[in-house]
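Comments concern the structure below.
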Amino acid sequence: MKISKFYFLSCAILFSVSVFTQNTYSETWFVNCCEYCKENPNDQGKIQTGNEYAWHNAHVSLLKRNYKRAKKYILEDRETNDSLKQLFENHLLYTLGVEEEAKRYLLSLRNTSNLNIKQFVFKNLGTCYLRKQEYDSANFYFEEALKVPLQHSYQFKTEIAENQAYILVFKKQYAQANEIYQEIVKTSKKKLDTHQIVKTYSNIGNSYFEQYKDELAKTYFDSAYVFSKPLKDLELKSTIAYNLYLLAEVSKTHESAIQYFKEYTMLNDSLQKQNMLWQVAQEKEAFNIAQKQAELDLKTAQRNLFMVISVGILLVLLIGFIFYRKLIKQNKKIKKLNHELNETNTVKNQLFTIIAHDLRSPVARLKQLFQLRTIKQDADGVLSDKKVSKIVDSLSLLLDNLLSWSLSQSDLLMVQKEWFPLWQIIHQIELQYQSLIDEKSIQFSVDIQKTILVYGDMEIFKIVIRNCLDNAIKFTPKNGKIVISGTVNNESFAVYITDSGIGIPEKVLKTIFDIKNNKSQEDTTGRKSSGLGLMLTKSMIQLNGGSIQIKSNPKGGTIVNISLPYKNVA
Amino acid sequence: MEKINIFILEDDLDEIEILKIILSEEYAITGFATNYEDGVKVFHKKLPDIAILDIFMNGKREGIRFAEYIQETYPIPILFLTNSKDKLSFSEAKKQNPYNYLLKPVNPQSLKFAIELAFEKQTNQVGQLSTREEATLQLDNKLLIKKGNALVKVVINDIFYIESEDKYCFVHTENARFLVQKSLKSFAETLPNNFVSLHRKYVVNINQIQSVLPSDYTFTLKNNVTLPVSQRHRKQLLEIFTIIK
Numbered sequence: 015m016k017i018s019k020f021y022f023l024s025c026a027i028l029f030s031v032s033v034f035t036q037n038t039y040s041e042t043w044f045v046n047c048c049e050y051c052k053e054n055p056n057d058q059g060k061i062q063t064g065n066e067y068a069w070h071n072a073h074v075s076l077l078k079r080n081y082k083r084a085k086k087y088i089l090e091d092r093e094t095n096d097s098l099k100q101l102f103e104n105h106l107l108y109t110l111g112v113e114e115e116a117k118r119y120l121l122s123l124r125n126t127s128n129l130n131i132k133q134f135v136f137k138n139l140g141t142c143y144l145r146k147q148e149y150d151s152a153n154f155y156f157e158e159a160l161k162v163p164l165q166h167s168y169q170f171k172t173e174i175a176e177n178q179a180y181i182l183v184f185k186k187q188y189a190q191a192n193e194i195y196q197e198i199v200k201t202s203k204k205k206l207d208t209h210q211i212v213k214t215y216s217n218i219g220n221s222y223f224e225q226y227k228d229e230l231a232k233t234y235f236d237s238a239y240v241f242s243k244p245l246k247d248l249e250l251k252s253t254i255a256y257n258l259y260l261l262a263e264v265s266k267t268h269e270s271a272i273q274y275f276k277e278y279t280m281l282n283d284s285l286q287k288q289n290m291l292w293q294v295a296q297e298k299e300a301f302n303i304a305q306k307q308a309e310l311d312l313k314t315a316q317r318n319l320f321m322v323i324s325v326g327i328l329l330v331l332l333i334g335f336i337f338y339r340k341l342i343k344q345n346k347k348i349k350k351l352n353h354e355l356n357e358t359n360t361v362k363n364q365l366f367t368i369i370a371h372d373l374r375s376p377v378a379r380l381k382q383l384f385q386l387r388t389i390k391q392d393a394d395g396v397l398s399d400k401k402v403s404k405i406v407d408s409l410s411l412l413l414d415n416l417l418s419w420s421l422s423q424s425d426l427l428m429v430q431k432e433w434f435p436l437w438q439i440i441h442q443i444e445l446q447y448q449s450l451i452d453e454k455s456i457q458f459s460v461d462i463q464k465t466i467l468v469y470g471d472m473e474i475f476k477i478v479i480r481n482c483l484d485n486a487i488k489f490t491p492k493n494g495k496i497v498i499s500g501t502v503n504n505e506s507f508a509v510y511i512t513d514s515g516i517g518i519p520e521k522v523l524k525t526i527f528d529i530k531n532n533k534s535q536e537d538t539t540g541r542k543s544s545g546l547g548l549m550l551t552k553s554m555i556q557l558n559g560g561s562i563q564i565k566s567n568p569k570g571g572t573i574v575n576i577s578l579p580y581k582n583v584a
Numbered sequence: 281m282e283k284i285n286i287f288i289l290e291d292d293l294d295e296i297e298i299l300k301i302i303l304s305e306e307y308a309i310t311g312f313a314t315n316y317e318d319g320v321k322v323f324h325k326k327l328p329d330i331a332i333l334d335i336f337m338n339g340k341r342e343g344i345r346f347a348e349y350i351q352e353t354y355p356i357p358i359l360f361l362t363n364s365k366d367k368l369s370f371s372e373a374k375k376q377n378p379y380n381y382l383l384k385p386v387n388p389q390s391l392k393f394a395i396e397l398a399f400e401k402q403t404n405q406v407g408q409l410s411t412r413e414e415a416t417l418q419l420d421n422k423l424l425i426k427k428g429n430a431l432v433k434v435v436i437n438d439i440f441y442i443e444s445e446d447k448y449c450f451v452h453t454e455n456a457r458f459l460v461q462k463s464l465k466s467f468a469e470t471l472p473n474n475f476v477s478l479h480r481k482y483v484v485n486i487n488q489i490q491s492v493l494p495s496d497y498t499f500t501l502k503n504n505v506t507l508p509v510s511q512r513h514r515k516q517l518l519e520i521f522t523i524i525k
């Protein structure tokens, strides 16, 4: 009896834990949680590279009993939800024998709302209690597991039935146990699960052995033995051989006992060898994985390096582009500035010409006149005084022009617009030019209403009229005619300076206000004019808010037309 | 009838000399100074009707400073003299906007014109004097009258009477008369209450009446000029007469 109990135990351990070659319910459960396996049913047993396959690799490692690797993969997993990962870690603990911890965790999950997890938790709690030989508790949780309203897989049903039968055997309720075993055999046969059939036959044999029904036990052990022949599960085979050997011993058939013992020893050896091979294979695989990982790391490193370089190049390109655009902008600016500079330079050169000729030569003439005066001892006093005064007048106009021009160019010219009487201003200028007009016997008249006020800067207007009149006198021959007249023209008052002079050629008229074109024209005395006055006139009139036009007089000569806002105070 | 009084601030004595030559015949120069401090002293000795100030004196814009002083103590029209109309020269002048200014060198016509314009701008009547031959401009209690090229002034209360002459008027003072291009009616409207119309042809300053002869319906002024009273104004004359007596 004592011996038989020992035998029995050896068999019991066999069926509750040792299903190495076939997936248990729990393992299948983890596989079912794997998205990758659902999508690629053909790759179910293969390790994949990459963090995204961590869960898959974990359950594959579990299946291959490589718990360390499984643990490693589960720690790497970033995608699966925490409750699944914890369940898996817990299952690892349980498998490695840290049952108390596992049990505590499973107990904490008893009230979960996830039915799938609930079924798993109850089933495994049952197994835990069974291992600790707390059969009532085990039975309770198995019943609970069965109560969870989910479809029972064949594996689930078989495992629970097998465990329940085992508990019944232990409680010596053999008839009920036998019933369950027969049921298992029936379903296993339907599923063609030879492994399960062999296991159950062996268990039935054990149950009969326990009841001292050796004949019946032998029949079942023999059946198990026959069925186990094509199987590769060495452990199962060796257990059956060992059981047969014990039975033979008990029934004193020593010959067959020795034979079975021999077979048992052989199988055990193979089993150990297989285990060793298994270990070697595992180490090799671990090495391969490490290598793969190293390759992967290298690849990742290369990829990262590539990324960094790409980003760097992109950044350099971007910065280059920005600088390029800035450069283009700057170039444009420089071009524009160059253009402006060119223009200013032309104006400057023109101004130098003016200073050199128009300014220097009259001053030189003045000097000469004074020298002559000393030599002649004031003999021609009056004549030279007239000459001096003429030169000084033209110099004064030129200086005023130069100053006004430079002031307006540097935006320093004060413009003070106000109403002022038009005739009176023109009359003042007329008085300044009286001697020149008389000298050339020019018929001069001003035909403007005295009560007209115009709006603008008075001094600027004076410069304009002075220049216009100066030009008119210069280019009008002796006994010519100059008329300054005015008419109301829409909102503004138009002042006309009409002369009977030599006129301006059409070509020159077009660009008359442009200093760049060298359009110097000889006046009636053969002297050249710089054109500064006219150019200045244009910009001054614009500052004054008026307009200026120069046309050829159909009767010969030129008409200058200046328009300004006006009012009449008559 | 008096000459218009002018004050000059100018650091160049030659320039002062030229100004004097141009102005002395028709204007009275009440004083001149060559710097700010002297200017302040001279200015108050005899208060002028207009000030001519050089902007740059002794390298500083003392003219602008002095203009501010005038504006604060005795506001009269100011005419600036300057060498160029650049913004820098006027940069410190704030209260004298818009400025009356004249570019050097000055010539008689433009100087006299500028003085007229300065008075016109002061009373906001540009063109009142400068566009007419025989024109007047009322400035405070004075009447500025254009006489030829020059301006003279008459204190309004010194006028004896004004005589209508078609579209013009003769303004009679104690011993002179001058023509004004203005109708008697429009002229009388601008005068104070002591000017009364006693005849179609005359507006009389009643303060200058010496005596009234009710029998002849005439009255005699302090300069012994006797004027008639029209019939419809006789009652008025008697009223005035009783007031005077």
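Chains F and S supply the protein sequences, listed in that same order.
Count the first sequence with the working numbering and you get residues 15 to 584, in order.
Count the second sequence with the working numbering and you get residues 281 to 525, in order.
Virtual Cβ for every residue (Gly too), placed ideally from N, Cα, C.
Run down chain F in chain order and give the residues with a C-beta less than 8 Å from the C-beta of residue i.
i	result
residue 407 (chain S)	433, 435, 465, 467 and 583
residue 410 (chain S)	435 and 438
Taking DSSP as the reference, what is the three-state secondary structure of residue i?
i	result
residue 494 (chain F)	coil
residue 334 (chain F)	helix
residue 366 (chain F)	helix
residue 55 (chain F)	helix
residue 513 (chain S)	helix
residue 564 (chain F)	strand
residue 307 (chain F)	helix
residue 295 (chain F)	helix
residue 376 (chain F)	helix
residue 480 (chain S)	coil
residue 584 (chain F)	coil
residue 48 (chain F)	coil
residue 450 (chain S)	strand
residue 202 (chain F)	helix
residue 137 (chain F)	helix
residue 507 (chain F)	strand
Sorted by chain position, which residues of the same chain lie with C-beta nearer than 7 Å to residue i's C-beta, five sequence neighbours on each side aside?
i	result
residue 75 (chain F)	83, 84 and 87
residue 436 (chain S)	421, 422, 423, 471 and 472
residue 551 (chain F)	478, 481, 482 and 562
residue 371 (chain F)	none
Grab me the residues of residue i's own chain with a C-beta within less than 8 Å of its C-beta, minus the 5 sequence neighbours each way, in chain order.
i	result
residue 105 (chain F)	40, 44, 76, 116 and 138
residue 50 (chain F)	57, 62, 67, 69 and 70
Using the beta-carbon of each residue, which ones in chain F are nearer than 9 Å to residue i?
i	result
residue 379 (chain S)	428 and 430
Taking Cβ-Cβ distances shorter than 7 Å, what residues in chain S pair up with residue i?
i	result
residue 442 (chain F)	389, 390 and 393
residue 445 (chain F)	389
For a contact defined as C-beta to C-beta under 9 Å, what are the partners of residue i on chain S?
i	result
residue 457 (chain F)	Ordered by position in chain S, no residue passes the 9 Å Cβ test against residue 457 (chain F), which lies about 22 Å from the chain.
Give me the chain F residues within the contact set of residue i, using Cβ-Cβ distance strictly less than 7 Å, ordered along the chain.
i	result
residue 383 (chain S)	473
Using a Cβ-Cβ cut-off of 6 Å (strictly less than) and excluding sequence neighbours within five positions of residue i, which residues of its own chain qualify?
i	result
residue 278 (chain F)	252, 255, 256 and 259
residue 435 (chain F)	467
residue 462 (chain S)	449
residue 488 (chain S)	440, 501 and 502
residue 281 (chain S)	432, 434, 453 and 456
residue 412 (chain S)	461
residue 218 (chain F)	195 and 234
### Message
Counting only Cβ-Cβ distances shorter than 8 Å, please list the residues of the stretch 357 to 370 of chain S near chain F, keeping chain order.
### Response
364, 365, 366, 367, 368, 369 and 370
### Message
My parser needs the beta strand (DSSP E) runs of 3 or more residues fully inside the stretch 368 to 443 of chain S; what are they?
### Response
Within the stretch 368 to 443 of chain S, the complete beta strand (DSSP E) runs of at least 3 residues fall at 381 to 383, 416 to 419, 422 to 427 and 430 to 435.
### Task
Determine which residues of the stretch 503 to 518 of chain S have a Cβ less than 8 Å from any Cβ of chain F, and write them out in chain order.
Those would be none; no residue qualifies.
### Message
Short of 8 Å Cβ to Cβ, which residues in the stretch 460 to 472 of chain S face chain F?
### Response
Answer set for the stretch 460 to 472 of chain S: empty.
### Task
Could you tell me which uninterrupted beta strand (DSSP E) segments, each at least 3 residues in length, are contained entirely in the stretch 303 to 355 of chain S, listed from first to last along the chain?
If one requires a minimum length of 3 residues, the beta strand (DSSP E) runs lying completely within the stretch 303 to 355 of chain S are 307 to 313 and 330 to 334, in chain order.
### Message
Output needed in chain order: residues of the stretch 404 to 420 of chain F with a Cβ under 7 Å from some Cβ in chain S.
### Response
Residues of the stretch 404 to 420 of chain F with a C-beta atom less than 7 Å from some C-beta of chain S are 417, listed in chain order.
### Query
Can you list, in chain order, the stretches of the beta strand (DSSP E) that have 3 or more residues and sit fully within the stretch 205 to 287 of chain F?
Fully enclosed beta strand (DSSP E) runs of 3 or longer: not present.
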